[in-house]
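These protein sequence lines map, in sequence, to chains G and V. Take 1 as the starting number for the first sequence in my numbering and just add one per residue. Take 1 as the starting number for the second sequence in my numbering and just add one per residue. Ideal Cβ positions, reconstructed from N, Cα and C, are used throughout, including at glycine.
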Amino acid sequence: MFAFLKLIGRYSLDLLKFVGEMFIFLLNSIYHIFSPPLKVRNFLRQVRFFGNKSLIVVIFTGAFSGMVLALQGFYALNKFGAEALLGPVVALSLIRELGPVLCALMVTGRAGSAVTAEIGIMKITEQIDALTVMAVNPIKYVVVPNILAGIVTFPLLTAIFDVVGIYGGYIVSVHALGLSEGTYFSQMELYVDMQDIRIGLYKSLSFGLLVTWICTYMGYTAGYGARGVSRATTNAVVLSSVVILIWDYMLGAFLL
Amino acid sequence: MIEIRNLHKSFGKQQVLKGVNLSIQEGEVTAIIGRSGGGKSVLLKHIIGLLKPDRGSILIKGEDITKLKGQRLDEIRADIGVVFQGGALFDSMTVYENVAFPLREKTKLGKKEIHDRVIQALGDVGLEEMQNKYPAELSGGMRKRVALARALIGKPKIILFDEPTTGLDPILVRSIHKLIRDTQRLYGFTGLIISHEIPEIFEISDRVALLHDGRIIEVGTPEEIQKSDNIVVKNFIIGIESGG
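Next up, the structure:
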C-alpha cells in the first residue's frame with residue numbers, strides 16, 4: 001500500500017515538473033517573440049516548411065471530409081425530409097469543428113513531427129549548445145520562428161481545408177445525390193454567419209500555438225541518441241493530438 | 001587566463017567533479033587527459049557556461065563565469081571559441097554559411113569583409129574548395145576542420161576543443177593536431193584540448209593535466225607527465241586500468 005502511494009506521489013511530482021517546465025519554456029518563448037530582432041528569415045522558412053509539407057495532405061483530407069459529410073449528412077437529413085439543409089450541415093461541421101481539428105492533426109503528423117525530430121537532432125549533435133556558446137539564443141533562433149509560423153499557417157491551412165471540404169461536399173451533394181446547386185449554397189449563406197467562422201479561426205490559432213509549443217519543447221528536451229529523438233517525436237505527436245482534442249472540447253464549450 | 005577553483009558537480013547521486021583545481025596559462029595549449037566518462041567534457045561545459053557547478057568557481061580574465069548570466073556571459077563567450085566533439089555544424093547550412101554564421105549573427109561587418117574572413121579561415125584549415133558543400137557531404141576530418149574554421153572566425157582569445165580527434169584514423173589525428181598547433185601559432189589563442197589520444201597529444205601541448213576520479217591529479221609539461229612517478233598517471237599513459 002505504501003509502495004503504491006509512493007508510486008502515485010512520484011508520478012504526480014514528475015507530471016507537475018513536466019508541466020511546469022513546459023510553461024517556463026512557453027513563457028521564455030513568448031518573451032523572445034516580443035524582444036527584437038525577430039529572425040525573419042527563419043520565420044519565413046518555417047512558414048514555407050509548414051505550408052509546403054502540409055498543403056497536399058490538407059487538401060486531400062479536406063476534400064474527402066467534405067465528401068463524406070455530405071454523404072452521411074444526406075442520409076440523416078433525408079429521414080426528416082430536410083435534405084435542403086445539407087449545405088449548412090457540411091459547412092458548419094467543417095468551419096466550426098472538423099476543419100480546425102483535422103487540419104491540426106494532419107499538420108502535427110506531417111510538419112510537427114519533423115520539427116521535433118529536427119530540433120531533437122540539433123540537440124543531440126550539440127548544435128543547440130553551439131548556438132548558445134556563440135551567444136545566439138537557441139529559443140529565439142530555433143523555437144520562436146516555429147511558434148510564429150504555426151500561429152500564421154494553421155489558420156491559413158484550415159481555411160484551405162474548409163473551402164476544399166465545402167467543394168468536396170458540393171460535388172457529392174449536387175453531382176451524386178442530385179441536390180440543386182442553388183439550394184446547397186443559398187442555405188449555407190443563410191445559416192453560416194461570421195461567429196462560426198470566428199470560432200474556427202480562434203480554434204486554429206490556438207492549435208497553431210499548442211502544436212508548435214509541444215513539438216518544439218519535445219525536440220528541445222529530447223534524450224540522447226536516435227532512441228531519444230524517436231521517443232520525443234512520438235511523444236510530440238501523441239501529446240499534440242490529445243491536447244488538440246481536449247482543447248477543442250474546452251474551447252467549443254466556452255465559445256458555444 | 002583561466003583559473004578553475006575547487007569545482008564540484010554531481011548529476012543525481014553521481015559525483016562527476018570532486019574539486020577540480022587548474023590554471024590555464026595565456027597563449028599556451030593545455031590538454032586535459034583522462035578516461036572516457038571521467039568528466040572531461042563536463043568540465044569543458046562548465047568553462048563555457050553551459051553547466052553551472054554545485055560549488056567552486058571558474059575565473060576567466062578575473063571574472064567568475066559561474067556567477068554570470070545574460071549579456072555579460074555572452075560578452076565573455078564572444079572571446080571563446082568551441083570545437084565540439086562531432087563538429088556541431090548546422091546541417092541546413094553550407095560550409096561557407098556555417099563559418100560565416102558567428103560574424104553574420106554577432107557582428108555588423110559588411111558582406112565583403114565577412115566573405116574575406118570566411119575565405120581566409122577556410123584557407124587556414126585547407127578547405128577553401130569545400131565552401132558550397134553541406135556538412136553531410138564532408139568526411140569526419142573535414143567536418144572537424146570546418147568546426148575549427150568556425151571557431152577561429154571570430155578571432156577568440158580562447159579555443160576549447162572537446163575531443164577534436166574522436167573517431168578519426170591515426171593519420172587524420174596527426175593532421176588535426178598539426179592544424180591545431182599551426183593555427184594556434186598563427187592566431188595566438190589559448191587552447192584547451194580535452195583528449196585521450198596518448199601519446200599524440202603530448203606533441204602539441206605545452207602542458208598536460210590528468211583528470212582522474214573527479215580531480216586533477218597531475219599537471220605538468222608533456223615531458224614531466226611522461227616521467228611522472230604517480231602510478232595512476234603511469235598506468236593511464238601505458239593503457240593499464242588502475243584501481244585508484
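> Nearest chain V C-beta to Ala130 of chain G closer than 7 angstroms, yes or no?
Replying inline: yes
>> Among V:Val16, V:Lys40, V:Arg5 and V:Gln15, whose alpha-carbon lies nearest the alpha-carbon of Phe161 of chain V?
In response: V:Lys40
> Excluding sequence positions up to five away, which residues of its chain have a Cβ less than 8 angstroms from the Cβ of Gly243 of chain V?
Replying inline: Low confidence applies here, because Gly243 of chain V scores a pLDDT of 46, under 50, leaving its location unreliable and the question unanswered by this model.
> Do the CB positions of Arg215 of chain V and Lys52 of chain V come within less than 7 angstroms of each other?
Replying inline: no
> If you run the structure through DSSP and keep just helix, strand and coil, what is Val29 of chain V?
Replying inline: strand
> So what does DSSP say about Arg117 of chain V, is it helix, strand or coil?
Replying inline: helix
>> For a contact defined as C-beta to C-beta under 9 angstroms, what are the partners of Pro102 of chain V on chain G?
In response: Met134, Ala135 and Val136
> Going straight from the alpha carbon of Val99 of chain V to that of Leu44 of chain V, what length do you get?
Replying inline: 22 angstroms
>> Can you confirm whether Gly19 of chain V, when its beta carbon is compared against all beta carbons of chain G, has any partner nearer than 7 angstroms?
In response: no
> Taking Cβ-Cβ distances below 9 angstroms as the criterion, which residues of the stretch 90-122 of chain V are in contact with chain G?
Replying inline: Phe90, Asp91, Ser92, Phe101, Pro102, Glu105 and Lys106
>> Considering only their Cβ atoms, is the gap separating Ala147 of chain V from Gly87 of chain V smaller than 7 angstroms?
In response: yes
>> Please state the DSSP three-state secondary structure of Leu51 of chain V.
In response: coil
>> Between the alpha carbons of Asp91 of chain V and Leu71 of chain G, how many angstroms are there, rounded?
In response: 47 angstroms
> Do the stretch 100-108 of chain G and the stretch 203-215 of chain G touch if we need at least three Cβ pairs shorter than 8 angstroms?
Replying inline: yes
> Which value, in whole angstroms, describes the spacing of the CA atoms of Ile198 of chain V and Met1 of chain G?
Replying inline: 55 angstroms
>> For the beta strand (DSSP E) containing Ile216 of chain V, name the first residue and the last one.
In response: Arg215 to Gly220
>> Under 7 angstroms, Cβ to Cβ, is there at least one residue of chain V near Glu21 of chain G?
In response: no
>> Under 7 angstroms, CB to CB, which of the residues in the stretch 92-126 of chain G have a partner in chain V?
In response: Thr125 and Glu126
>> Please report whether the beta-carbon of Phe161 of chain V lies at a distance below 7 angstroms from any beta-carbon of chain G.
In response: no
>> Could you tell me the alpha carbon to alpha carbon distance between Gly73 of chain G and Ile33 of chain G, rounded to whole angstroms?
In response: 43 angstroms
> Going straight from the alpha carbon of Gly112 of chain G to that of Val40 of chain G, what length do you get?
Replying inline: 20 angstroms
> According to DSSP, what are the bridge partners of Gly81 of chain V?
Replying inline: V:Ile159
> Under a CB-based cut-off of 7 angstroms, is Gly39 of chain V close to chain G?
Replying inline: no
> From Pro145 of chain G to Val133 of chain G, what distance separates their C-alpha atoms?
Replying inline: 20 angstroms
> Does any residue of chain G bring its CB to less than 7 angstroms from the CB of Leu68 of chain V?
Replying inline: no
> Which residue from V:Asn230, V:Asp229, V:Thr221 and V:Lys227 puts its Cα closest to that of Ile32 of chain V?
Replying inline: V:Thr221
>> Taking 6 angstroms as the cut-off, is the beta-carbon of Ala70 of chain G closer than that to any non-hydrogen atom of the ligand NAP?
In response: The ligand NAP is not part of the structure shown, which contains no ligands of any sort.
> Since Leu50 of chain V meets chain G, which of its residues come closer than 8 angstroms, beta carbon to beta carbon?
Replying inline: Asp129, Thr132 and Val133
> For Glu21 of chain G, which option in G:Ile214, G:Val192, G:Arg96 and G:Leu77 has the closest C-alpha, if you only look at C-alpha atoms?
Replying inline: G:Ile214
> What does Ile176 of chain V reach in chain G if we use C-beta pairs closer than 7 angstroms?
Replying inline: The premise fails here: Ile176 of chain V is roughly 18 angstroms from chain G at the closest Cβ pair, so nothing lies under 7 angstroms.
> When the distance is taken between beta carbons, is Phe202 of chain V closer than 7 angstroms to Ile159 of chain V?
Replying inline: no
> For Val172 of chain G, which three-state DSSP category applies?
Replying inline: helix
>> Measuring only the C-alpha atoms, how far is Val208 of chain V from Leu15 of chain G?
In response: 46 angstroms
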